[in-house]
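Notes follow once the structure below has been shown.
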Amino acid sequence: MKDRYGRNIDYMRLSVTDRCNLSCDYCSAGKKDTGTNPLSKDQILAIASAASSAGITKFKLTGGEPLMRSDLPEIIKSIKSLPGVVSVTLTTNGVLLSDKCEELKDAGIDLINVSIDTCDKKEYQTLTGSDKLTKVIEGIRACIANGIRVRINTVNRGSKTDVISLVKFADSLDVDLRFIELMPIGKARDMKGSPNLDIMKTLENEFGTGTEDEAKGNGPARYFSFPKLKIRVGFISALGEGFCDECNRLRVTSDGKLKPCLCFGDVIDLNGALKLEAGTREEALVKLIKEAVDSKPERHTFGTPDGITETRGMDYIGG
Ligand code: SF4
Numbered sequence: 007m008k009d010r011y012g013r014n015i016d017y018m019r020l021s022v023t024d025r026c027n028l029s030c031d032y033c034s035a036g037k038k039d040t041g042t043n044p045l046s047k048d049q050i051l052a053i054a055s056a057a058s059s060a061g062i063t064k065f066k067l068t069g070g071e072p073l074m075r076s077d078l079p080e081i082i083k084s085i086k087s088l089p090g091v092v093s094v095t096l097t098t099n100g101v102l103l104s105d106k107c108e109e110l111k112d113a114g115i116d117l118i119n120v121s122i123d124t125c126d127k128k129e130y131q132t133l134t135g136s137d138k139l140t141k142v143i144e145g146i147r148a149c150i151a152n153g154i155r156v157r158i159n160t161v162n163r164g165s166k167t168d169v170i171s172l173v174k175f176a177d178s179l180d181v182d183l184r185f186i187e188l189m190p191i192g193k194a195r196d197m198k199g200s201p202n203l204d205i206m207k208t209l210e211n212e213f214g215t216g217t218e219d220e221a222k223g224n225g226p227a228r229y230f231s232f233p234k235l236k237i238r239v240g241f242i243s244a245l246g247e248g249f250c251d252e253c254n255r256l257r258v259t260s261d262g263k264l265k266p267c268l269c270f271g272d273v274i275d276l277n278g279a280l281k282l283e284a285g286t287r288e289e290a291l292v293k294l295i296k297e298a299v300d301s302k303p304e305r306h307t308f309g310t311p312d313g314i315t316e317t318r319g320m321d322y323i324g325g
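Numbering (our numbering), first residue to last: 7 to 325.
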């Protein structure tokens, strides 16, 4: 599907729950009962089916913490079997990963992003409210042992981010790591991150000159190789670089709201269409998905906070 700016929209981030077993300080999902009811498996599959009919070929399952859903492997398997779908990937905090890894492999997951913002146990406890770092690392090792592609996502919290030890840690696991600039959404709106450019300078001082890798993923990340590293390091720089020219995505919140853009509060409620009979339901959902594509903005306004109309947190939106 092409939007008004000629961008090819073929990627959907589907939040399958807003519940979480961690409580990261820029999100705090774990601390509250959100009072929303996550979509049922049937509803999630109805949305995915309509989306693939409309032209979405890549799905990212997010949350809250998606591994808290016991039916997640079935959801993955079903979406993978939809016509035209080329990849189903997952973002997780990794706490439940070592227990669920084999089921995810059998379901055919294509890639797993594990969120780790520090490899220091004490700091991890401070940032997430949990002492589960060892369990998360076990989960990454289990993925590697099962031949599942895995990457590490790290939110760039400025001085709080111990860049060198994180990258050495990822290199020791031979797993690519991506630094994500803190986006002023939800609780992070009042928090200060720093530009990824600063991290690039730190890495070049330590590991040599970075060379950009032409190969790109499903999203806006840019990847670099360094002489003294095995892995690639990626950068998702919403503020520093702006990546909306290549926007390819739609988001669905865990309670069935379709978001044309992360930055703005505008949503299209899918719940009415989800209540229709199967035959008419697909048609109605496809129409709403196309409507969302047609209403996508040209770009975000993260640089001018007053312009950001999304007031809910990443736990609700699904990142
Ligand atoms: S901020 Fe909005 S327009 Fe920009 S890449 Fe994200 S979803 Fe697309």
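Backbone N, C-alpha and C fix where the C-beta goes; we use that ideal spot for every residue, glycine too.
Remember, it's a predicted structure, so these values are computed and weren't measured experimentally.
Collapsed DSSP secondary structure at residue i in the structure displayed
{"i": "T95", "result": "strand"}
{"i": "V258", "result": "strand"}
{"i": "Y32", "result": "coil"}
{"i": "G313", "result": "helix"}
{"i": "G248", "result": "coil"}
{"i": "I242", "result": "strand"}
{"i": "V299", "result": "helix"}
{"i": "D177", "result": "helix"}
{"i": "E283", "result": "coil"}
{"i": "T327", "result": "The first residue shown for the chain is 7 and the last is 325, placing residue 327 beyond what the model contains."}
{"i": "N202", "result": "helix"}
{"i": "L172", "result": "helix"}
{"i": "S58", "result": "helix"}
{"i": "G192", "result": "helix"}
{"i": "I150", "result": "helix"}
{"i": "D48", "result": "helix"}
{"i": "I53", "result": "helix"}
{"i": "L291", "result": "helix"}
CA nearest to the CA of residue i, picked from the options
{"i": "P201", "options": "D219, R184, G246, K174", "result": "G246"}
{"i": "L103", "options": "N152, F308, V22", "result": "N152"}
{"i": "A298", "options": "S87, A244, Y11, L256", "result": "L256"}
{"i": "N224", "options": "E71, K47, V101, D116", "result": "D116"}
{"i": "T307", "options": "N119, G319, F270, G285", "result": "F270"}
{"i": "I314", "options": "E212, A284, C267, G216", "result": "C267"}
{"i": "K293", "options": "G100, K166, A56, L133", "result": "A56"}
{"i": "I158", "options": "E252, F175, K281, G114", "result": "F175"}
{"i": "T4", "options": "I146, I143, S121", "result": "The question about residue 4 has no answer, for the chain in this structure spans 7 to 325."}
{"i": "G192", "options": "G325, R19, R318", "result": "R318"}
{"i": "D16", "options": "A52, L51, V92", "result": "V92"}
{"i": "M320", "options": "A279, E288, K265, L282", "result": "K265"}
{"i": "R305", "options": "V273, G278, C250", "result": "C250"}
{"i": "I85", "options": "E71, A52, K127, P190", "result": "A52"}
{"i": "L88", "options": "R10, I170, A54, K302", "result": "A54"}
{"i": "Y322", "options": "E71, R13, S58", "result": "E71"}
{"i": "D137", "options": "I170, N99, I154", "result": "N99"}
{"i": "R147", "options": "D168, D180, S171, T132", "result": "D180"}
{"i": "G248", "options": "K234, D312, A227", "result": "A227"}
{"i": "R13", "options": "A279, A290, C253", "result": "C253"}
{"i": "K234", "options": "F213, D219, L203, E283", "result": "F213"}
{"i": "Y11", "options": "D300, M197, P190, K127", "result": "D300"}
{"i": "D9", "options": "L282, D312, E129, P303", "result": "P303"}
{"i": "A244", "options": "L291, K198, L188, G216", "result": "L188"}
{"i": "D331", "options": "S76, K127, P190", "result": "Residue 331 lies beyond the residue range present for the chain, which begins at 7 and ends at 325; the question has no answer from this structure."}
{"i": "K127", "options": "G324, L172, K236", "result": "L172"}
{"i": "V94", "options": "K66, K106, S76", "result": "K66"}
Identified DSSP bridge partners for residue i
{"i": "N162", "result": "E187"}
{"i": "D219", "result": "Y229"}
{"i": "Y322", "result": "Answer is none; Y322 lacks a bridge partner."}
{"i": "F308", "result": "According to DSSP, F308 bridges with nothing at all."}
{"i": "L20", "result": "L67, V258"}
{"i": "I274", "result": "L264"}
{"i": "N14", "result": "K8"}
{"i": "R157", "result": "N119"}
Worksheet item: Three or more beta-carbon pairs under 8 Å between the region 176-192 and the region 229-247, yes or no?
Response: yes
Worksheet item: Would you call the region 56-63 and the region 104-112 in contact, with 3 or more CB pairs under 8 Å?
Response: no
Worksheet entry | Whole alpha helix (DSSP H) elements within the region 60-144, 4-residue minimum | 78-86, 103-113, 127-134
Worksheet item: Quick check: the region 44-60 against the region 73-81, are there 3 or more CB pairs under 8 Å?
Response: yes
Worksheet entry | Validate contact between the region 258-273 and the region 15-25 using beta carbons, cut 8 Å, 3 pairs | yes
Worksheet entry | Sufficient close CB pairs (3 or more, under 8 Å) joining the region 158-172 to the region 122-130 | yes
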